[in-house]
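Chains A and B, in that order, give the protein sequences. Count the first sequence with my numbering and you get residues 987 to 1268, in order. Count the second sequence with my numbering and you get residues 10 to 287, in order. Structure record follows, encoded as structure tokens.
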Amino acid sequence: MGKIRTPYLLLLPGFGFLFTFFILPIVNLAQTSTQTPVGGGDTGQYEQTFRFQNYVDAFVENKEQFGRSFVYAIIATFLALAISYPLAYAIAFKSGKYKNFFLVLVVAPFFTSFLLRTVAWKQILGEEGFVVPTLRDLGIISHSTTLTSTAFAVVMGMTYNFLPFMTLPLYASIDRIDPRTLEASGDLYANSFTTFRKVTLPLSMPGVVAGTLLTFIPAAGDYVNASILGSPNTKMIGNVIESRYFKIVDYPTAAALSFTLMAAILILVTLYIRKAGTEELV
Amino acid sequence: MNKKLADVSTPRISSFVKFQRWFGRNLIRVYMFIAFTYLFIPVAYTFAFSFNDSGKSNLVWKGFTLNNWQNPCGAPEVCNALANSIKIGFLATLFATILGTMIAFAIGRHNFRGRSTSNLLIFLPMATPEIVLGASLLSLFLVLKINPGFWPTVIAHVMFCISFVVVTVKARIASLDPRLEQAAMDLYANEVQTFRRVTLPLVAPGIAGAALLAFSLSFDDFIITNFNSGTVITFPKFVYTAAARGIPAQANVIGSGMFFLALAIVTAGQILNRRKVR
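Encoded structure:
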């Protein structure tokens, strides 16, 4: 009897906590999203009227920022994949006994605060940094071109900041590949490109899927890169939610936007996992 | 004249070819060098500018000084923010590690009804964007008439750290050899003794790793904290607010200090691990 109860007793405190501070808030957020302001009440007072039109209004008003969030997040995810794959491959197959050393090197930059690194990029790419004057002197960019306050800077910042979320899962799945399968492919007269396409890449797919998800999800909801490295023209949906909460005190719209963001991400992620054909992620 | 040119240019061409061959062979090393340079540029910048004799705004290099390192609390609020971040990180790590480890043992060691639902409940917070986690928790606190502040922030951090603890510890439990526990039982250890003397010591590195991960997630978190901390300033919040007018060099000192501290901890862990393996 006691044995059957053991797992439930172990789960109880943690799941009680998650229920109270994760599930309940989400339910509460859903309730908030259909509220309307109390007639004649103070700012920030809302009552439940089940106004689902809130969602339509919120989306129509902010579709630009929505579009931007997804476009930026997708580009950043692709760039992170392009940078991380060769790096993870090199660490797994080409670094011999220095594997652990290089892994620490991948993670180490992320021990400096996320915010500090983003501010550092802002100053490196800014007017007083060394990149812009150099590029101007070389004639690569014109004298009026800036790098900060642009979509380029925001996407670059996101790519950089979420890079270990891509590199580590990629490394984990590439490292698991038995090098003998690659040798076998070579013995069967596949050239190195064919070996990569037919053997290495399919075997590393779980890492690719996990890495792209771990990069895409936080990137789509991020607003730190957009507000430090961007301008009013690069505002993402996160910026809108934040200002609805704190500056405008419009909780229903903020809640509706949060829900729409979450739903959009969940749908995209489900489609993507189906397409990639790996369901053993969890 | 012509002859001379030819004499000079022949070795030049061959050294170019040599370089090309070397490049082809070492392409992957060259790539690693470039990638790691890219990764470390902002770290190097932060470290370099921690020595800047900058006064208030740390934007332009004005000369080398050790003052910032000798007086890291020199800028107003910076050490208060750091202390808050450490306190919150410590408490969040403690609770998240205990709760998460218990869940990891339940899921990793027992077969029970609702196991896959449990896995889903652990996965969901990791798949939810931080802004949704932060905003929804704030809306709950507002309904309950709890003011955002220190404890709401601790609660928020425990909430998003639990899943990461579960995943880390569960991986360690899954990699254990079940024969070790069977051997203990064969040697007449009862369940409690087996757990205390065999299972727990074997899982301990996983728990330690999970705790380090939880602390670094908590310490570095900005979005969820910004929603739930009210007037309490944490280190990331301090940097965010100060970013508009240029952060003080003391923040660079603290960032660099954290970097070296974390590096030391990881290196020590690696050395310990290697000794154990031997």
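Just so you know, even glycine gets a beta-carbon here, dropped at the ideal spot from N, CA and C.
Selected residue, minimal CA-CA separation from residue i, among the options
i, options, result
"VAL167 of chain B", "B:ASP186, B:LEU189, B:TYR54 and B:ILE131", "B:ILE131"
"THR162 of chain B", "B:ASN128, B:ILE97, B:LEU103 and B:VAL152", "B:ILE97"
"THR1069 of chain A", "A:ILE1253, A:THR1201 and A:ILE1163", "Note that residue 1069 of chain A is Ile in the sequence shown here, rather than Thr. ILE1069 of chain A has its Cα closest to that of A:THR1201, out of A:ILE1253, A:THR1201 and A:ILE1163."
"LEU1089 of chain A", "A:PRO1011, A:MET1152 and A:LEU1101", "A:MET1152"
"VAL1105 of chain A", "B:THR102, B:LEU211, B:ASP195 and B:PRO245", "B:PRO245"
"LEU1073 of chain A", "B:MET135, B:THR46, B:PHE73 and B:ALA105", "B:THR46"
"SER172 of chain B", "B:SER125, B:MET267, B:LEU108 and B:PHE268", "B:LEU108"
"ALA1212 of chain A", "A:LYS1083, A:LEU1101, A:VAL1024 and A:ILE1126", "A:LEU1101"
"PRO138 of chain B", "A:VAL1255, A:MET1248, A:VAL1042 and A:LEU1254", "A:MET1248"
"PRO214 of chain B", "B:ILE182, B:GLY158 and B:LEU146", "B:ILE182"
"GLN1017 of chain A", "A:LEU1243, A:TYR994 and A:ILE1251", "A:LEU1243"
"GLU1050 of chain A", "A:ILE1253, A:MET1222 and A:TYR1231", "A:MET1222"
"ALA252 of chain B", "B:VAL26, B:PHE25 and B:SER66", "B:SER66"
"PHE56 of chain B", "B:GLN279, B:ALA277, B:PHE268 and B:ILE280", "B:PHE268"
"ARG254 of chain B", "A:TYR1237, A:PRO1238, A:ASN1219 and A:ILE1214", "A:ILE1214"
"THR106 of chain B", "B:LEU147, B:PRO157, B:ALA223 and B:VAL87", "B:ALA223"
"ASN1048 of chain A", "A:ARG1260, A:THR1220 and A:THR1256", "A:THR1220"
"MET111 of chain B", "A:VAL1194, A:PHE1003, A:SER1055 and A:ALA1250", "A:PHE1003"
"ASN93 of chain B", "B:ILE242, B:GLY264 and B:LEU272", "B:ILE242"
"PHE1096 of chain A", "B:ARG283, B:SER265, B:GLY278 and B:VAL178", "B:SER265"
"THR102 of chain B", "B:LEU272, B:ASN156, B:SER227 and B:LEU209", "B:SER227"
"LEU1254 of chain A", "A:ILE1060, A:TYR1032 and A:LEU997", "A:ILE1060"
Residue burial classification, residue i (beta-carbon count within 10 angstroms, cutoff 16)
i, result
"TYR1258 of chain A", "exposed"
"MET1144 of chain A", "buried"
"GLU1113 of chain A", "exposed"
"VAL1268 of chain A", "Model confidence at VAL1268 of chain A stands at a pLDDT of 39, short of 50, so the residue's coordinates are unreliable and nothing is read from them."
"GLU1228 of chain A", "buried"
"PHE73 of chain B", "exposed"
"ILE1160 of chain A", "buried"
"GLN1021 of chain A", "buried"
"GLN29 of chain B", "exposed"
"LEU281 of chain B", "exposed"
"TYR1084 of chain A", "exposed"
"LEU91 of chain B", "buried"
"TRP31 of chain B", "exposed"
"MET1142 of chain A", "buried"
"ILE1234 of chain A", "exposed"
"ASP1173 of chain A", "exposed"
"LYS27 of chain B", "exposed"
"VAL152 of chain B", "exposed"
Chain A residues whose Cβ lies nearer than 7 Å to that of residue i
i, result
"GLY264 of chain B", "THR1098, SER1099 and LEU1102"
"ASP229 of chain B", "SER1099 and PHE1100"
"VAL207 of chain B", "Those do not exist, as VAL207 of chain B stays about 17 Å from chain A at its closest Cβ, beyond 7 Å."
"ILE164 of chain B", "PHE1007"
"SER127 of chain B", "LEU997"
Closer than 7 Å at the beta carbon, the chain B residues around residue i
i, result
"LYS1080 of chain A", "ILE37"
"GLN1031 of chain A", "Near GLN1031 of chain A there are no residues of chain B at all, since even the closest Cβ is about 11 Å away, more than 7 Å."
"GLY1224 of chain A", "ILE140"
"ILE1227 of chain A", "ILE140 and ALA144"
"GLU1114 of chain A", "LEU68 and VAL69"
"ILE1203 of chain A", "ALA136 and PRO138"
"ILE1127 of chain A", "The contacting residues do not exist; ILE1127 of chain A stays about 19 Å from chain B at best."
Interface partners of residue i on chain B, CB under 9 Å
i, result
"TYR1209 of chain A", "ILE140 and ILE232"
Contact set between residue i and chain A, taken where Cβ atoms lie within less than 8 Å
i, result
"MET168 of chain B", "PHE1003, LEU1004, PHE1007 and PHE1008"
"GLN279 of chain B", "ASN1086 and VAL1090"
"ALA260 of chain B", "LEU1102"
"TYR54 of chain B", "ALA1106, GLN1109 and ILE1110"
Neighbouring residues, chain B, relative to residue i (Cβ below 8 Å)
i, result
"TYR994 of chain A", "ALA115 and PHE121"
"VAL1255 of chain A", "ALA136"
"TYR1231 of chain A", "ALA144, LEU147 and PHE236"
Cβ-heavy atom distance, residue i to the ligand ADP, below 6 Å
i, result
"SER1171 of chain A", "Among the components modelled here there is no ligand, and therefore nothing to report on the ligand ADP."
9 Å Cβ cut-off: residues of chain A touching residue i
i, result
"VAL275 of chain B", "VAL1090, VAL1093, ALA1094 and PHE1097"
Whole alpha helix (DSSP H) elements within the region 195-265 of chain B, 4-residue minimum: Fully enclosed alpha helix (DSSP H) runs of 4 or longer: 200-203, 209-229, 232-237 and 244-252.
Segments assigned alpha helix (DSSP H), at least 4 residues, entirely inside the region 1114-1140 of chain A: The region 1114-1140 of chain A contains these whole alpha helix (DSSP H) runs: 1117-1123.
Short-range partners of chain A found in the region 88-115 of chain B, where Cβ spacing is below 7 Å: Answer in chain order: LEU108, GLY109, MET111, ILE112, PHE114 and ALA115.
Where the region 999-1014 of chain A meets chain B: residues whose CB sits under 7 Å from a CB there: From the region 999-1014 of chain A, only PRO999, GLY1000, PHE1001, PHE1003, LEU1004, PHE1007, PHE1008, LEU1010, PRO1011, ILE1012 and ASN1014 have a Cβ closer than 7 Å to chain B.
Quick one: which residues of the region 213-225 of chain B get their C-beta closer than 8 Å to a C-beta of chain A? List them in chain order. Those would be SER225, in chain order.
Taking only runs that begin and end inside the region 61-134 of chain B, name each unbroken alpha helix (DSSP H) of 4 or more residues, in chain order. Annotation: the region 61-134 of chain B contains the following complete segments of the alpha helix (DSSP H) (minimum length 4 residues), in chain order: 76-79 and 87-118.
According to a CB-to-CB cut-off of less than 9 Å, which residues of the region 23-50 of chain B neighbour chain A? From the region 23-50 of chain B, only ILE37, ARG38, TYR40, MET41, ALA44, PHE45, TYR47, LEU48, PHE49 and ILE50 have a Cβ closer than 9 Å to chain A.
For the region 1195-1245 of chain A, list the alpha helix (DSSP H) runs that are entirely contained and at least 4 residues long, ordered along the chain. Whole alpha helix (DSSP H) segments, 4+ residues: 1210-1215 and 1223-1232.
Just list the alpha helix (DSSP H) runs in the region 991-1026 of chain A, keeping only unbroken ones of 4 residues or longer that don't cross its boundaries, in chain order. Listed in chain order, they are 1010-1018.
Residues of the region 245-257 of chain B with a CB closer than 7 Å to any CB of chain A: list them in chain order, please. Shown in chain order are the members of the region 245-257 of chain B whose Cβ falls below 7 Å from a Cβ of chain A: PRO245, VAL248, TYR249, ALA252 and ILE256.
Listed from N- to C-terminal order along the chain, which residues in the region 1236-1252 of chain A have their beta-carbon within a distance smaller than 7 Å of any beta-carbon of chain B? Correct list: TYR1237, ALA1240, ALA1241, SER1244, LEU1247, MET1248 and ILE1251.
Positions along the region 1062-1081 of chain A whose CB lies within less than 7 Å of some CB in chain B: Of all residues in the region 1062-1081 of chain A, ILE1069, PRO1072, LEU1073, ALA1076 and LYS1080 have a Cβ within less than 7 Å of some Cβ in chain B.
Those runs of the alpha helix (DSSP H) which lie wholly inside the region 1044-1089 of chain A and span at least 4 residues: Taking only runs of at least 4 residues, the alpha helix (DSSP H) segments lying wholly in the region 1044-1089 of chain A are 1049-1080.
Check distances from the C-beta atoms of the region 1146-1162 of chain A to those of chain B and list, in chain order, the residues that come in under 8 Å. Against chain B - using a Cβ distance shorter than 8 Å - the residues of the region 1146-1162 of chain A are TYR1146 and LEU1149.
Select from the region 176-208 of chain B all residues with a C-beta closer than 7 Å to any C-beta belonging to chain A, and list them in chain order. From the region 176-208 of chain B, no residue has a Cβ closer than 7 Å to chain A.
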